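A short write-up of the structure that comes next.
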Amino acid sequence: MLRAKPLTTDGLAHFYEFMTSHFAANSPNPVEPEDKKTSGSSQTTSSEKKQVETKSSSDNKSNKDNKSSSETHASQARSYSDYQSIKTTAQPNHLLNFTMFFILIGFMKYFDDFVNMMLLSIVFAIILRPMVNFLSHRLKLPFFLALFTIFLGFAMVLSLIGLVVNNTINQFLSNIEYITTTAIKKLDAAQDYIIPLIRKLGIDAHDHYSFTSLFDQVNTSWYQEFFKKIWYSLTGFFSGTVIVLLTLVFILIDVDFWQARLNSVLGNRPQSLQHVYDIFSSVSTYIEKKFLLSLLTAICVYVLCLLFGVQFALMWSVLTFAFNFIPNIGVFIVSAPMVVQVFVLNTLGNAVVFTALLTVVHFVTGNIIEPRYMSRHLNLSNTVVWVSLLFWNQILGPIGMLISIPLTTTIRILLAMSPHYKKLAAMMEGEPTDKAEPALPWDEQTTGAKVDPHKFVREEHAKRRQQKSQKRKNKNK
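Just so we're aligned: 244 in the UniProt record's numbering is position 244 of the sequence shown, and the numbers increase by one with no gaps anywhere.
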């Protein structure tokens with residue numbers, strides 16, 4: 001007879017349930033009482049006993065493995081459900097969260113130069129990533145050859161534009177006093193026409209008033225200083241060009257590795273992973289489309305300057321491209337001195353036509369094209385855009401103004417990820433729009449390949465099932 005190991009009460013109960021269910025399902029005849037068995041049943045051969053014992057032991061092993069696997073799945077399900085319940089019911093420490101946020105902002109303020117270089121590297125990587133993918137996937141070039149080609153071309157274009165525009169803007173800043181005095185003289189010459197017009201409006205105006213005395217009373221040097229500060233801040237990162245370019249190369253090389261790591265870390269939390277994809281999708285889509293739109297606007301401005309003989313055409317086009325990233329006020333900052341220069345150095349008729357065409361260009365790009373192709377990716381109210389513009393300018397300077405929208409969009413999506421801060425994220429949103437298409441991973445937007453956001457989750461579960469089955473096979477052996 002077989003010797004059974006001592007069983008606990010629970011183990012004995014499970015064993016009894018298993019034996020009764022197993023023999024009830026597999027036995028061809030019902031089990032008869034011991035006293036009703038015939039005498040011939042005790043004459044079972046030794047070979048039959050061995051077969052029965054072998055079969056029962058194998059059935060016990062398989063059932064034990066199935067039971068352990070089912071208990072493992074049940075415990076995992078219970079732990080996941082407990083995690084979800086704790087996650088949704090636990091109250092966050094708001095004071096700690098806001099303290100950490102302001103500590104992070106203080107870090108960015110203190111190390112603003114370093115943060116600006118890193119953010120510029122990320123922006124350049126987002127812009128150049130589709131080009132690298134086009135060469136490596138569509139033209140079948142090796143990845144490092146495609147990366148080297150794009151990097152070399154970008155470095156040459158950036159250096160050439162920086163040198164040319166730097167010389168041009170230095171000439172402009174040296175002539176700004178001449179432009180200002182010439183503008184005042186032209187306004188004084190037009191005083192005979194302006195003062196009667198002011199009197200018709202019911203405003204008391206005397207003939208001894210002059211624009212020269214008015215400009216002497218008003219300090220206009222602030223605009224010149226502000227313009228210099230903006231430009232020197234934009235060109236200041238050229239001192240760290242090597243660091244920016246090296247960081248850009250490492251980001252482009254490691255972006256696939258980061259995506260794989262992100263998939264493995266958040267594989268069991270598809271909702272959190274989808275939120276991360278939303279951040280990358282919104283920010284990258286905004287930067288790519290804003291880049292193309294700013295480039296189109298800059299080309300139009302450059303063509304207008306060439307047609308009307310406006311001086312410093314390349315400088316105005318590059319500044320238009322850069323300031324177009326600043327929402328709401330960027331166009332006015334770069335257009336005001338341009339229009340003043342045109343009125344001072346060109347004829348009145350050309351200046352009026354140029355100003356009208358420039359207004360049309362900015363109106364079409366800013367009020368027709370941009371809302372149509374970029375509204376659903378921003379989803380920020382105008383007040384939030386304006387406040388974020390001032391806030392990031394205070395923290396990171398003019399570079400913060402350029403990338404205020406991506407930073408604020410990232411914060412809004414991070415707030416929307418938490419069930420406790422969803423209302424705060426909803427307050428930051430703009431006008432309700434139609435339900436946008438779900439955000440897709442970065443590779444699908446850059447390469448055009450169809451990517452399933454939850455594919456890696458299924459693959460991970462399949463790997464785990466395969467590992468468990470392999471362990472069971474090893475135990476059976």
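A virtual CB, placed ideally from N, CA and C, is assigned to each residue, including glycine. Remember, predicted model here, so these are calculated numbers, not experimental data.
Contact annotation: N166 and I399 have beta-carbon atoms that are not nearer than 9 Å. Cα atoms of I395 and R464: separation of roughly 47 Å, rounded to the nearest angstrom. In the same chain as L248, and ignoring 5 residues on each side of it, the C-beta atoms closer than 7 Å to its own belong to S121, F124 and A125, in chain order. When C-alpha distances from K289 are compared across S469, S418, I369 and M428, the shortest belongs to I369.
Runs of alpha helix (DSSP H) with 4 or more residues, each lying fully within the segment 288-349, are found at 313-323 and 330-345, listed in chain order. Assigned with DSSP and collapsed to three states, P196 falls in helix. Here P419 is exposed. Its C-beta has fewer than 16 other C-beta atoms within 10 Å. For the pair V339 and L358, the CB atoms are nearer than the 9 Å cut-off.
The residue from Q466, S136 and M417 with its alpha-carbon nearest to that of Y277 is M417. Straight through space, the alpha carbons of L273 and S264 are spaced by roughly 10 Å.
Residue range S404 to M417 is occupied by the alpha helix (DSSP H) that includes P406. In the structure shown, the three-state DSSP call for G153 is helix.
A351 and A322 have their C-alpha atoms spaced approximately 23 Å apart. Judged by beta-carbon spacing, M428 lies beyond the 9 Å limit of L407, meaning their Cβ atoms are not closer than that value.
Comparing alpha-carbon positions, the option among A313, F325, S317 and M315 lying closest to Y286 turns out to be F325. Leaving aside the five residues that flank L304 on each side, the residues in its chain whose CB is nearer than 8 Å to its CB run, in chain order, V310, F354, L357, L358 and V361.
Counted as a single uninterrupted DSSP element, the alpha helix (DSSP H) harbouring K186 occupies residues I176 to A189. Around the beta carbon of T409, 16 or more other beta carbons lie within 10 angstroms, which makes this residue buried.
Out of R138, V364 and K140, the CA that lies nearest to the CA of L296 is found in V364. By the 16-neighbour rule on beta-carbons within 10 angstroms, P371 is exposed. Around the Cβ of N93, a 10 Å sphere holds fewer than 16 other Cβ atoms; the residue is exposed.
I413 is positioned such that its CB atom lies closer than 9 Å to that of S282. Pairing R129 with T168, the inter-Cα distance amounts to about 31 Å.
Taking the Cα of L292 as reference, the smallest distance to any Cα among F343, G366, I279 and T347 is reached at G366. Per DSSP, L262 is one residue of the alpha helix (DSSP H) stretching across T241 to V265.
If you draw a straight line from the Cα of K109 to the Cα of F172, it is about 31 Å long. The three-state secondary structure of H420, taken from DSSP, is coil. Contact between L252 and V132 holds, since their C-beta atoms are separated by about 6 Å, short of 8 Å.
Non-local beta-carbon contacts of V384 in its own chain, meaning distances under 6 Å to residues more than five positions away in sequence, involve M428 in chain order. With contacts defined by Cβ atoms closer than 9 Å, I403 and W386 do not form a contacting pair. Per DSSP, P130 is one residue of the alpha helix (DSSP H) stretching across D112 to N133. Shown here for Q259: not one same chain residue has a beta carbon closer than 6 Å to its own, the five before and five after excluded. Assigned with DSSP and collapsed to three states, P142 falls in coil, not helix or strand. Collapsing the DSSP output to three states places G397 in coil. Here DSSP, grouped into helix, strand and coil, assigns E370 to helix.
If you draw a straight line from the Cα of T149 to the Cα of L139, it is about 13 Å long.
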